[in-house]
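Undergrad:
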Amino acid sequence: MDSMLLEMKQITKEFPGVKALEGVSIKINRSEILALIGENGAGKSTLMKILAGAHQPSSGQIYLHGKPVTIEGPKHSQNLGISIIYQEFNLIPHMSVAENIFIGREPRKAKGILHRKKIKEETRKWLDKVGLTQLSSDTIISDLSVAEQQLVEISKALSFNSQIIIMDEPTAALNDEDTSKLLKIMKELKQQGIGIIFITHRLEEVQAVADRVSVLRDGKYIGSSLTQAITKDEMVTIMVGRELTELFPEKTIPDSSNSIEVTNVNVPNVLQNINFQVKKGEVVGIAGLLGAGKTELSKALFGLYKNMSGTVTVGSMNISSPKQAIDAGIALVTDDRKQEGLVLGLSVYENLLLPAYRKISRFGVLQKDKKDEIVNRWINDLKIKVHDPHVEVRTLSGGNQQKVVLGKWLQMNPKVLILNEPTRGIDVGAKAEIYQIMKRLTEKGISIIMFSSDMPELLGLSHRILVMHGGRISAELNQSKATQENIFYFASGGGVSV
1 MDSMLLEMKQ ITKEFPGVKA LEGVSIKINR SEILALIGEN GAGKSTLMKI LAGAHQPSSG
61 QIYLHGKPVT IEGPKHSQNL GISIIYQEFN LIPHMSVAEN IFIGREPRKA KGILHRKKIK
121 EETRKWLDKV GLTQLSSDTI ISDLSVAEQQ LVEISKALSF NSQIIIMDEP TAALNDEDTS
181 KLLKIMKELK QQGIGIIFIT HRLEEVQAVA DRVSVLRDGK YIGSSLTQAI TKDEMVTIMV
241 GRELTELFPE KTIPDSSNSI EVTNVNVPNV LQNINFQVKK GEVVGIAGLL GAGKTELSKA
301 LFGLYKNMSG TVTVGSMNIS SPKQAIDAGI ALVTDDRKQE GLVLGLSVYE NLLLPAYRKI
361 SRFGVLQKDK KDEIVNRWIN DLKIKVHDPH VEVRTLSGGN QQKVVLGKWL QMNPKVLILN
421 EPTRGIDVGA KAEIYQIMKR LTEKGISIIM FSSDMPELLG LSHRILVMHG GRISAELNQS
481 KATQENIFYF ASGGGVSV
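FYI, in full-length UniProt numbering the residues of the sequence shown are 1 to 498.
#1: Assign Met1 to one of three DSSP states: helix, strand, or coil.
#2: Are Gly41 and Ser397 closer than 8 Å when you measure CB to CB?
#3: Can you name the residues that DSSP bridges to Leu114?
#4: According to DSSP, simplified to helix, strand and coil, what is Glu32?
#5: Tell me whether Leu410 counts as near the ligand MG, meaning its Cβ is closer than 7 Å to at least one heavy atom of that ligand.
#6: Assess contact between the region 146-159 and the region 179-186, defined as three or more Cβ pairs (one per stretch) separated by less than 8 Å. Is contact present?
#7: Around the C-beta of Gln401, are 16 or more other C-beta atoms found within 10 angstroms, so that it is buried, or is it exposed?
#8: With burial defined as no fewer than 16 other Cβ atoms inside 10 Å of the residue's Cβ, what is the status of Thr171: buried or exposed?
#9: Quickly, what does DSSP pair Gln61 with across the bridge? List them, please.
#10: Taking all protein chains shown into account, decide if Gln150 is buried (16 or more other Cβ within 10 angstroms of its Cβ) or exposed.
#11: In angstroms, rounded to a whole number, what distance separates the CA positions of Gly131 and Pro389?
#12: Give a yes or no on whether 8 Å exceeds the smallest Cβ distance from Ile26 to chain B.
#13: Quick check: the Cα distance between Lys27 and Leu6, rounded to an integer number of angstroms?
#14: Where does the unbroken alpha helix (DSSP H) through Ser180 begin, and where does it stop?
#15: May I ask you to report which of helix, strand or coil DSSP gives Tyr305?
#16: Where does Ala110 land, buried or exposed, given buried means 16+ other C-beta within 10 angstroms?
#17: When you compare the region 412-428 with the region 447-458, are there three or more beta-carbon pairs, one atom per stretch, that lie closer than 8 Å?
#18: Check this for me: beta carbons of Val278 and Leu352, under 8 Å apart or not?
#19: Could you check how far apart the C-beta atoms of Val333 and Leu271 are, in whole angstroms? I think they sit under 8 Å.
#20: Rounding to the nearest angstrom, what Cα-Cα distance links Phe490 and Asn266 in this structure?
#21: Classify Tyr221 as helix, strand or coil using the three-state DSSP reduction.
#22: Could you spell out the range, first to last residue, of the alpha helix (DSSP H) harbouring Thr263?
#23: Determine the burial state of Met1: buried for a count of at least 16 other Cβ atoms within 10 Å of its Cβ, exposed for fewer.
#24: What three-state label does DSSP hand Pro16 in the structure shown?
#25: Would you kindly check if the distance between the Cβ of Val206 and the Cβ of Ile238 is under 8 Å?
#26: Rounded to whole angstroms, what's the CA-CA distance from Asn23 to Leu91? Just pull it up for me.
#27: For Val97 and Asn258, what's the separation of their Cα atoms in angstroms?
#28: Please report the Cβ distance between Ala35 and Thr227, rounded to the nearest whole angstrom; I am assuming they are in contact, meaning their Cβ atoms lie under 8 Å.
#29: Counting along the chain, where does the beta strand (DSSP E) carrying Phe451 start and finish?
#30: Check whether the Cβ atoms of Ile141 and Pro93 sit closer than 8 Å, and answer yes or no.
#31: Within the same chain, show all residues whose beta-carbon is closer than 6 Å to that of Gly193, passing over the 5 residues directly before and after it, in chain order.
#32: Can you check the region 111-170 for any alpha helix (DSSP H) of at least 4 residues that lies completely inside it and give the ranges in chain order?
#33: Leaving out five residues on either side along the sequence, give the residues of the same chain with a beta carbon under 6 Å from the beta carbon of Arg472.
#34: On the CB-based measure, 16 or more other CB atoms within 10 Å of its CB, does Gly470 come out buried or exposed?
#35: Just to confirm before moving on: does the CB-CB distance between Leu47 and Leu64 stay below 8 Å?
#36: For Gly315, which residues does DSSP report across the bridge?
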């Protein structure tokens, strides 16, 4: 039997004003994990949407089991044995696990009556295949963890008897333990003869599970290699078209004066007795495991909790609301750019201007020249890849969306920049650019408070690291004591060192 499941040959896709793909060719075999890598905007998601039937190629040919096919839409793609698991889950939160897996194709008895017993039996079979042996099929999706929802998505894909499963950034929102479980399940699926196309920016995961690596850059196919024949550094160089010898820039020397002081901050059932200061031009990293209170602390610093006690002070101003935070010079880049950082239905132009409307309007009238000047400045300074600033921000890659969020706040000239997971879900080239932006900001005396679950990022950028556990700061580590082992020790409740 021929081992090749799929071949995409010379796929080109043009949208109005932009060529997203140009002559791209990839293939996937049975019992193989193919890592598809490239910078944000390289064309990976567009190529997969063509395979999933969401887009039609402008030219090129798709072959399944050696025979040419035209994929007419998402349902046709599923019928052909292809399933895609997007980074944003395609699950209905208020419905049960079983209802989500079989929605629109529920087994029925005579006269159209739902065959509930068979639905439960089938759901149980598919949940067991991904290790969710203890999960009830009646559980409501919104009651599941992110990792469990990810596995339900895989169960749903398997229930279509899929031979090809596309996973788009499946570990982006998972912690290390859940990531390890998912990678193990991917290997088990491979042993069952399934071909997996794995899109990720985490190259250590590529090395852990992928058999082959295919690289896209600027919408073009660059090449493929057996994973064991290519190093992580070589992957980076091929992806970005240049060597990134110094991913983390040299740290600036902070000023001796404080820009922000946090004193005895408490939020009932959320944060307890938080105290720290940040100097001008300093990067303070905040580490902690899932549920430690990192995101809650980022919101407290921005004045989002009305029941907060204690003080957050910038200059002479005490912060108790987002408006006061903005007026004092605090900017918050949240960890969820799609839900909290951007208005996806608005253009890049409109998103960049959102916080500035109060400042750039005169007698309630917005000045077009001033608006154009601001937008053009940040598109150029941050190297945002967009052919027209008036396109919807949802059309941009993850890295470029993150730059829009940064630009939106940087044009407010902040004194303190709060970054929550600043590089989650973006490629190594965009990471390097954001790290350079951070360095330029610290050179201007801007303080950065960086909440991150990326250990190399924390260690490579921070002057000091505060470790959180159970809503408290359990340790303050200077550069000599900030090691991965020490951070994990204090993050897991191993002691207090402040």
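Glycine is no exception: its CB is placed at the ideal position from the N, C-alpha and C atoms. Remember, predicted model here, so these are calculated numbers, not experimental data.
TA: On the basis of the supplied data:
#1: Bear in mind that the predicted position of Met1 carries a pLDDT of just 43, short of 50, making it unreliable; the figure below should be weighed with that in mind. Coil.
#2: yes
#3: Arg108
#4: coil
#5: Of ligands this structure carries none, so the ligand MG is not represented either.
#6: yes
#7: buried
#8: buried
#9: Lys9
#10: buried
#11: 45 Å
#12: Among the protein chains of the structure shown there is no chain B, as only one such chain exists.
#13: 5 Å
#14: Asp176 to Gln191
#15: coil
#16: exposed
#17: yes
#18: no
#19: Not confirmed; about 20 Å, so no contact.
#20: 20 Å
#21: strand
#22: Careful: Thr263 lies outside any alpha helix (DSSP H), inside the beta strand (DSSP E) at Asn258 to Val267.
#23: Reliability fails at Met1, whose pLDDT of 43 lies under 50, so the model's placement of it is uncertain and no value is given.
#24: coil
#25: no
#26: Per the sequence shown, residue 23 should be read as Gly rather than Asn. Going from the Cα of Gly23 to the Cα of Leu91 covers about 33 Å.
#27: 50 Å
#28: 7 Å
#29: Ser447 to Phe451
#30: yes
#31: Arg30 and Ser31
#32: 116-129 and 146-159
#33: Gln272
#34: exposed
#35: no
#36: In the DSSP output, where bridge partners are listed per residue, Gly315 has none listed.
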